[in-house]
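Contents: one structure, followed by commentary.
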Amino acid sequence: MDRILFGDNQFFAVNHISDEKSRAQSIRFKDDEAIINTLDIARDAGLNTFMCTTHDRIANICDFIRANPDRYSNYKIFPCMPYAHKYANAVTESGIAGTLKQYVPGNFFGSLFKGGVAYLSKDYVSIMELLIDAEMKMFKGINTPVIFLQNVVTDLLLGLGMMDILTAFHSYVEKKYNAEAGFITMNMPMLLEKLEAAGIQNPIICSSINLAGFRMSGGKELYESVLKTKTVRAIAMQVLAGGAINAKDAIKYVCELPNIQSILFGASSKANITQTVNYIKEFDKEGELNFK
Amino acid sequence: MLKAGIIGLGKMGISHAAIVGANPDVHFTSICDTSSLVLDVFKKYTKLNTYNDYIKMLDKEPLDFILVATPTKFHYPIVKYALEKNIHVFCEKPFSLTSQQGIELTELALSKSLINQVGYHNHFIGTFRELHRLLKENVIGDIVHFTGEAYGPVVTKEKGNTWRSNPDEGGGCTSDYAAHVINLIQEIIGKPVHVNGTLLKSIYSVGVDDAVYSLLTLENNISGVLLVNWSDDTYRKMSTSLTVQGKKGKIVCDATEIKIYLKEPSSTENLDKGWTTKYITDFAIPVNYYLRGEEYSAQIEYFVNNVKNKKQGTYNTFEQALYTDRVIEMIMDNAKQN
Numbered sequence: 033m034d035r036i037l038f039g040d041n042q043f044f045a046v047n048h049i050s051d052e053k054s055r056a057q058s059i060r061f062k063d064d065e066a067i068i069n070t071l072d073i074a075r076d077a078g079l080n081t082f083m084c085t086t087h088d089r090i091a092n093i094c095d096f097i098r099a100n101p102d103r104y105s106n107y108k109i110f111p112c113m114p115y116a117h118k119y120a121n122a123v124t125e126s127g128i129a130g131t132l133k134q135y136v137p138g139n140f141f142g143s144l145f146k147g148g149v150a151y152l153s154k155d156y157v158s159i160m161e162l163l164i165d166a167e168m169k170m171f172k173g174i175n176t177p178v179i180f181l182q183n184v185v186t187d188l189l190l191g192l193g194m195m196d197i198l199t200a201f202h203s204y205v206e207k208k209y210n211a212e213a214g215f216i217t218m219n220m221p222m223l224l225e226k227l228e229a230a231g232i233q234n235p236i237i238c239s240s241i242n243l244a245g246f247r248m249s250g251g252k253e254l255y256e257s258v259l260k261t262k263t264v265r266a267i268a269m270q271v272l273a274g275g276a277i278n279a280k281d282a283i284k285y286v287c288e289l290p291n292i293q294s295i296l297f298g299a300s301s302k303a304n305i306t307q308t309v310n311y312i313k314e315f316d317k318e319g320e321l322n323f324k
Numbered sequence: 240m241l242k243a244g245i246i247g248l249g250k251m252g253i254s255h256a257a258i259v260g261a262n263p264d265v266h267f268t269s270i271c272d273t274s275s276l277v278l279d280v281f282k283k284y285t286k287l288n289t290y291n292d293y294i295k296m297l298d299k300e301p302l303d304f305i306l307v308a309t310p311t312k313f314h315y316p317i318v319k320y321a322l323e324k325n326i327h328v329f330c331e332k333p334f335s336l337t338s339q340q341g342i343e344l345t346e347l348a349l350s351k352s353l354i355n356q357v358g359y360h361n362h363f364i365g366t367f368r369e370l371h372r373l374l375k376e377n378v379i380g381d382i383v384h385f386t387g388e389a390y391g392p393v394v395t396k397e398k399g400n401t402w403r404s405n406p407d408e409g410g411g412c413t414s415d416y417a418a419h420v421i422n423l424i425q426e427i428i429g430k431p432v433h434v435n436g437t438l439l440k441s442i443y444s445v446g447v448d449d450a451v452y453s454l455l456t457l458e459n460n461i462s463g464v465l466l467v468n469w470s471d472d473t474y475r476k477m478s479t480s481l482t483v484q485g486k487k488g489k490i491v492c493d494a495t496e497i498k499i500y501l502k503e504p505s506s507t508e509n510l511d512k513g514w515t516t517k518y519i520t521d522f523a524i525p526v527n528y529y530l531r532g533e534e535y536s537a538q539i540e541y542f543v544n545n546v547k548n549k550k551q552g553t554y555n556t557f558e559q560a561l562y563t564d565r566v567i568e569m570i571m572d573n574a575k576q577n
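As given, the protein sequences belong to chains V and B, one line each in that order. For the first sequence, the positions run 33 to 324 when my numbering is used. For the second sequence, the positions run 240 to 577 when my numbering is used.
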């Protein structure tokens, strides 16, 4: 994994500390071209991994990448699935069965309903695999070495204690896509403990890690101690806590923590992208010097 | 360890199940739903006891508390049955279909000293808590007007029927979406006592409202506007906000930020003249397990602690939720008159 991963929240009106900013972003990135331009600015700054939600609009970006193979020869995408709001809104409107009917491809689910409950109870993992395939379709032909499960699903399954489904996700993306599974979570210490117990060693876990302690369930100290004492390939996200803390201090904090393989961030402007990249490089270098 | 069960496993029930499941003080033992699909998944992947009949579950399982997240029309019989069996109850909003039912349940819970709470989760969002505190401290002076708003993309096309399309089952925008805003206004600014000029609009739905616009007068004579529309897909998800205008300034508050405008600086609050924006990062309530917003976890942690300590909380009591149901009735009656 690259040291720095470029995220996509800014493209899809996701801003964790301001609804107003998120609406402004949704206007700014109305056209796919604006997204591609920003990705290019990030590429110029050396960021060749785009970690993104399986949002409908990413399909257009993938088309563009496929159409320009030379330009994107080293480019990687880390898909994060599912785009949860699509399903959440559908569940409110049509219930769980209705939502599955709508999104599980083909006649599979129709035939399941006809086949009745007995048949159904055997095959939830197959349903999940079909949903993964449906979400992965848009990335055909693009290098996707790590495939992530979004935090709302990871954390839901974690809370429900359905670890079998998380391990099934882990093995399916490996088997079918020759990729590693990654897990996005807001509960990194709890997830790591449960994944280890389920037999997954040294997992890739992406979670909020920031100086402010924002969205670090169980507390910042617990996260720090897990990073120091356990084996995990951690990705830090929300390092700026949504912009609420000073960028320099925020990045210094994350760069100095052990076991952080990658830092994920998203930004819209060239100035912000360059500044963040430069800070990471600066503090990484300082860390190396101190180490020597 | 407190033994817990959940009745109703739709979106809210499943979310509660994960939160309760992750709580170290709770032994989550049982669930009840009518969907065999949902029950099967739980049967296969968890150790929970599954039921399709709440009476059987409540008769058989020794429970300290239940969470009720069924469609609204089932709240009354389920909550009543649980209270009669001395089980503490967390019930989803809106509380009940009629205030008669709500009164009965509230009195029953009080008479049996059972811990009760309703899922108005906005009170567990730090920014709204801060708004409440600033208003109590009179930072913007006498209040002259408020606007309570919520917008979101729930019903964005014409579609078939679910329980949400039946006005007698509490399915419209007013009882589902606007309830949150009414409850916030009621607890943070003041209880609405008069309703005027209500417009209920069906945009894509048939038979129920997709938007409600209404003028509210509160017990403290403050008046303001309620504007709620759940058929607005310019919003990625539900966005709830309160704007309060005072003689000395104004506050605009939503789940992510609180913007304060003051005519003169406040030294006690360390606020400048003009606009100050503060973010949820400063106010978020720390939780031990996060699923989809601190507020969803925080409200359950609060309820569980109250059950553990056998002490009724002050946030989101049945009584408060009953008042919100009454305001919804006033709005519906007013709409009919118009």
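Where a beta carbon is used, it is the ideal one built from N, C-alpha and C, also for glycine.
Specify, as a first and last residue, the run of the beta strand (DSSP E) that residue i falls within.
i              : result
V393 (chain B) : No beta strand (DSSP E) holds V393 (chain B); DSSP gives it neither H nor E.
D493 (chain B) : 488-493
A243 (chain B) : 241-246
M83 (chain V)  : 81-85
N468 (chain B) : 462-468
N435 (chain B) : 431-440
A450 (chain B) : 450-457
I237 (chain V) : 236-240
V483 (chain B) : 478-485
Residue i bridges to which residues according to DSSP?
i              : result
N355 (chain B) : B:V328
Q270 (chain V) : Per DSSP, none; premise fails for Q270 (chain V).
F180 (chain V) : V:C112, V:G214
E496 (chain B) : B:Y518
H266 (chain B) : B:K242
S505 (chain B) : B:L510
I292 (chain V) : V:A266
Taking 8 Å as the CB-CB cut-off, is residue i touching chain V?
i              : result
R475 (chain B) : yes
T515 (chain B) : no
K242 (chain B) : no
N577 (chain B) : no
G411 (chain B) : no
S414 (chain B) : no
G260 (chain B) : yes
L544 (chain B) : Looking at the sequence shown, residue 544 (chain B) is not Leu but Asn. Taking Cβ atoms only, chain V never reaches closer than 8 Å to N544 (chain B), which makes this a no.
F367 (chain B) : no
Taking only beta-carbon atoms, is residue i less than 8 Å away from chain B?
i              : result
M220 (chain V) : no
A229 (chain V) : no
V184 (chain V) : yes
H117 (chain V) : yes
A120 (chain V) : yes
I295 (chain V) : no
R35 (chain V)  : no
I197 (chain V) : yes
L192 (chain V) : yes
D187 (chain V) : yes
A266 (chain V) : no
S249 (chain V) : yes
F61 (chain V)  : no
I216 (chain V) : no
Y156 (chain V) : yes
Smallest Cα separation from residue i: which of the options?
i              : options                        : result
L297 (chain B) : B:I567, B:N509, B:I317, B:E376 : B:I317
K375 (chain B) : B:Y528, B:E508, B:E568, B:F522 : B:E508
S470 (chain B) : B:K476, B:D449, B:T479, B:N459 : B:D449
D272 (chain B) : B:I253, B:Y284, B:S335         : B:I253
S105 (chain V) : V:M168, V:I174, V:L192, V:N183 : V:I174
A229 (chain V) : V:N100, V:A299, V:Q42, V:L198  : V:L198
S462 (chain B) : B:Y443, B:K476, B:K430, B:V543 : B:K430
F297 (chain V) : V:N310, V:P290, V:Q270         : V:Q270
E167 (chain V) : V:D40, V:T217, V:G245, V:H87   : V:H87
E331 (chain B) : B:T563, B:A574, B:E568         : B:T563
I97 (chain V)  : V:Q42, V:R75, V:A116           : V:R75
The alpha helix (DSSP H) with residue i in it runs from where to where?
i              : result
I342 (chain B) : 338-350
Q576 (chain B) : 557-576
N69 (chain V)  : 64-76
F367 (chain B) : 365-375
The stretch 303-314 of chain B in contact with the stretch 224-231 of chain V per 3-pair CB rule at 8 Å: no
Three CB pairs or more closer than 8 Å across the stretch 525-536 of chain B and the stretch 357-375 of chain B: yes
Given 8 Å, three or more beta-carbon pairs between the stretch 337-344 of chain B and the stretch 317-326 of chain B: yes
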